[in-house]
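Participant:
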Amino acid sequence: MDRLARHTPVAIYDAGGAVEAFNVFFDLDQIEIAGVYVQQVERIGSMVLGHRAQPITELPCCHARTILVAAFDAERVLLQMPPYLPEGALAVSLDEMRIPADRLTNKRSYLDPLNFATNFAFFRDAGGLHTRLVTTNYWSGYGAGEVSCWITLFAGDGRVLAEWCETGKSPASAIILDSRDIRERFGLPEFCGQLFLHIVGAAGHDVVKYALDIFDENGSADRQCGGVLSCTHDANAWPAERYAGLPSPARGEQVLLWVQNSHAVAIPPGAIGLAPMGGERVTPICTPIAPFATCAVDVSELLPDLAWPGQIEVRAGKHAVRPRYEVLERGRRRIAHVNVERDDLKPAPELAKLQAMFGKGYLLPAPLMPRALWKSLALPTPMATCQTALPIAALVYDPNGREVLKQSLGRLPRAHRMALDFDQMESLDALGDGYGHIELVYDFSAGEEADGWLHALFRYRHRRSGHSAETSFGAHIFNTILTYRNEPQSYSGRPPGLSTRLFLRLGEPAYDTFCHLIYPASRRWVSMSDTAIILYDGAGCEVARS
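Here the sequence shown stands for residues 91 to 636, numbered as in our numbering.
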């Protein structure tokens, strides 16, 4: 930008249709623009950056000193331009800001999504609290060989604390980033910021998936008080306009929302705010947030009158990827994430008419933990701006897949405050103190406002210790060869996706690790699933399977 500012006026050749996105991060208002030019006839006369787009053939008539070609992989475009360059003008392109070649998976096509297999992660080593990120070279399942992971650690104020590369990760091998090891390796002070991860050599999937643990030296579910041990998982690697599913604090709780700037430009005061779900009064976060910086927001300071089971909507303005939040209670803390609230959905009334073909259709399965040990709750969370009401029913199944309860929750308004407490359901006597699973489904007898984007938060509290955990996720159509839109979802091809692989990291040696497997089916499918549990060591070698 400094170079452009020194050689004005500048003509914009929007050959790749990227100049308005470029302008979001690099304010072109600060330079003198001689005009905007386009190649496509259908774009002539449209408004671009406040200028009426002209045909590129008119470029010789302007008096620009510099031509900015707003495109990557622009060699061919630059070769075509000399007959149209104003006398003495210099043409430059976005290729001058490419990331280094050794960080590209596909060097022939810069904008290939696999060149940007990236993600951010909340990362802290401060106040006796530590963080561990675990992922694996799962790209090998899509045909990748060895991969490398470029990592940047940002401090809370957005400064770069460290940058390095984990190289030569063979198929199925583990990538483990422990905040304690990183502090020692680079001689760092305490920090609370974020990691930026960039995978080189990826195939098939352009998002970095991971598990994220937070813990202290005493974290244990067996302790009667104190101790931190909690887990969440990866963010979506793209910033959204809104997020939802942020719980308000219950009595004795503090909820901290971690707002982490995902961009190289500052978030202005008031650009992000919180609103009660179902309301339009937004309370702004008045603190500016520097590029890549981290800001802890106590939600009660912004919305002091809102309490559990009330919900909060985050108006994020596309400044951050899916944020984390922490719930602090009696010396413990648990971490979880909010979800993307979509603004591109409309109700799909045809879903009610498809029940005969799809059975339960979209369903949201979740564990019902062993009732003698755990208290289980579910909080349906509106997750699209079009969702003014949620007609929902809850189904409960025993360990053998037998339905033991169906309870209609009615037509929940967007601003509802109804958390489903499974301790209060007398009809669950059939489970005794055992376990099972829950499915939230649409109840079309209560209403037909359905769009397939059904979400809920599930909270689990260990009765003896008070240790809690929570997570939230969304519904899908499962296990049918009929397809609707992109369901049943497939990660490796066209729907229906009828098989999947799950990555489960194991806990430290002092802890037991358990997995609660659920076989969901929207309509009757095979009587028994075909499930293999495979144990790999850190190098990616198979150790055992069952």
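Every residue, glycine too, gets a C-beta built ideally from N, C-alpha and C.
Kindly list the residues whose CB is nearer than 6 Å to the CB of Ala105, restricted to its own chain and excluding five residues on each side of it in sequence; keep chain order.
Facilitator: Gln129, Val159, Ala161 and Val167
Participant: Ordered along the chain, which non-local residues of its own chain (more than five positions away) have a Cβ less than 6 Å from that of Leu267?
Facilitator: Leu223
Participant: My output table needs one value for Ser352: the three-state DSSP class, helix, strand or coil.
Facilitator: Coil at Ser352, not helix or strand.
Participant: Starting from Asn113, follow the alpha helix (DSSP H) in both directions and report where the run begins and ends.
Facilitator: Val109 to Phe115 is the span of the alpha helix (DSSP H), which, as asked, contains Asn113.
Participant: Assuming Arg332 and Glu403 make a contact with CB atoms under 8 Å, what is their CB distance in whole Å?
Facilitator: 6 Å
Participant: Taking the alpha carbon of Ile528 as the point to measure from, which residue in Asp620, Leu547 and Ile623 has its own alpha carbon closest?
Facilitator: Leu547
Participant: With distances taken between CB atoms, is the gap from Ala234 to Ala293 smaller than 7 Å?
Facilitator: Their beta carbons are under 7 Å apart, which means Ala234 touches Ala293 by this criterion.
Participant: Since Asp66 and Ser498 should fall inside the 8 Å C-beta cutoff, what is the C-beta to C-beta distance between them, to a whole number of angstroms?
Facilitator: Examination of residue 66 is not possible in this model, given that the chain is present from 91 through 636 alone.
Participant: Starting from Ile272, follow the alpha helix (DSSP H) in both directions and report where the run begins and ends.
Facilitator: Ser269 to Phe276
Participant: My parser needs the alpha helix (DSSP H) runs of 4 or more residues fully inside the segment 318-393; what are they?
Facilitator: Look at the segment 318-393 and you find these whole runs of alpha helix (DSSP H), each 4 residues long or longer: 389-392.
Participant: For the alpha helix (DSSP H) that Glu440 lies in, which residues bound it at each end?
Facilitator: Glu440 to Lys443
Participant: Are the beta-carbon atoms belonging to Gly597 and Thr590 less than 7 Å from one another?
Facilitator: Not closer than 7 Å, so no.
Participant: Using 10 angstroms around the beta-carbon of Tyr581, count the other beta-carbons present and answer buried if the total reaches 16, otherwise exposed.
Facilitator: exposed
Participant: Can you tell me the Cα-Cα spacing of His220 and Glu280, whole angstroms?
Facilitator: Rounded to the nearest whole angstrom, the CA to CA distance from His220 to Glu280 is 10 Å.
Participant: In the DSSP assignment, what residue or residues form a beta bridge with Gly526?
Facilitator: Leu458
Participant: Do you know how far the Cα of Ile134 is from the Cα of Ser352?
Facilitator: 34 Å
Participant: Does DSSP put Met508 in a helix, in a strand, or in coil?
Facilitator: coil
Participant: Let me make sure I understand the geometry here. Which of Pro472, His427, Ala483 and Phe512 has the alpha-carbon closest to that of Gly400?
Facilitator: Pro472
Participant: Between the Cα of Ala179 and those of Phe563, Lys408 and Ala101, spot the shortest distance and give me the residue it belongs to.
Facilitator: Ala101
Participant: Is the Cβ-Cβ distance between Trp464 and His552 less than 7 Å?
Facilitator: yes
Participant: Please specify which runs of the beta strand (DSSP E), each continuous and at least 3 residues long, are wholly inside the segment 155-214, giving them in chain order.
Facilitator: 156-159 and 180-183
Participant: At which residues does the beta strand (DSSP E) containing Arg93 begin and terminate?
Facilitator: Careful: Arg93 lies outside any beta strand (DSSP E), inside the alpha helix (DSSP H) at Asp92 to Arg96.
Participant: So what does DSSP say about Ala229, is it helix, strand or coil?
Facilitator: Residue identity differs from the one stated: residue 229 is Trp in this sequence, not Ala. Trp229: helix per DSSP, three-state reduction.
Participant: Measure from the alpha carbon of Val290 to the alpha carbon of each residue in Ala340, Trp348, Trp229 and Leu485, then state which is nearest.
Facilitator: Trp229
Participant: Taking 7 Å as the cut-off, decide whether the C-beta atoms of Val417 and Val345 are in contact.
Facilitator: The answer is yes: Cβ separation under 7 Å.
Participant: Per DSSP, what kind of secondary structure is Ser263 in: helix, strand or coil?
Facilitator: coil
Participant: Beta strand (DSSP E) containing Thr242: first to last residue?
Facilitator: Val237 to Phe244
Participant: Report the three-state DSSP secondary structure of Phe448 (helix, strand or coil).
Facilitator: helix
Participant: Since Thr242 and Glu256 are thought to touch, with beta carbons under 8 Å apart, how far apart are those beta carbons, to the nearest angstrom?
Facilitator: Not quite, the Cβ-Cβ distance comes to about 12 Å (not below 8 Å), so this is no contact.
Participant: Is the distance from the Cβ of Pro381 to the Cβ of Gly248 below 7 Å?
Facilitator: Pro381 places its beta carbon less than 7 Å from that of Gly248.
Participant: Taking C-alpha atoms, which residue in Tyr452, Asp433, Asp434 and Leu435 lies nearest to Ala442?
Facilitator: Tyr452
Participant: Applying the 10 Å Cβ sphere with the 16-neighbour rule, what's the burial state of Asn308?
Facilitator: exposed
Participant: What does the alpha-carbon distance come out to for the pair Tyr232 and Ser238?
Facilitator: Spanning the alpha carbons of Tyr232 and Ser238 requires a straight line of approximately 16 Å.
Participant: Quick check on Lys259: buried or exposed, where buried means 16 or more other Cβ atoms within 10 Å of its Cβ?
Facilitator: buried
Participant: Would you call Pro358 buried or exposed, if buried means 16 or more other Cβ atoms sit within 10 Å of its Cβ?
Facilitator: When all chains shown are included, Pro358 counts as exposed.
Participant: Run through DSSP, which three-state label would Leu516 get?
Facilitator: Contrary to the premise, residue 516 reads as Glu rather than Leu in this sequence. Residue state, collapsed to three classes: helix.
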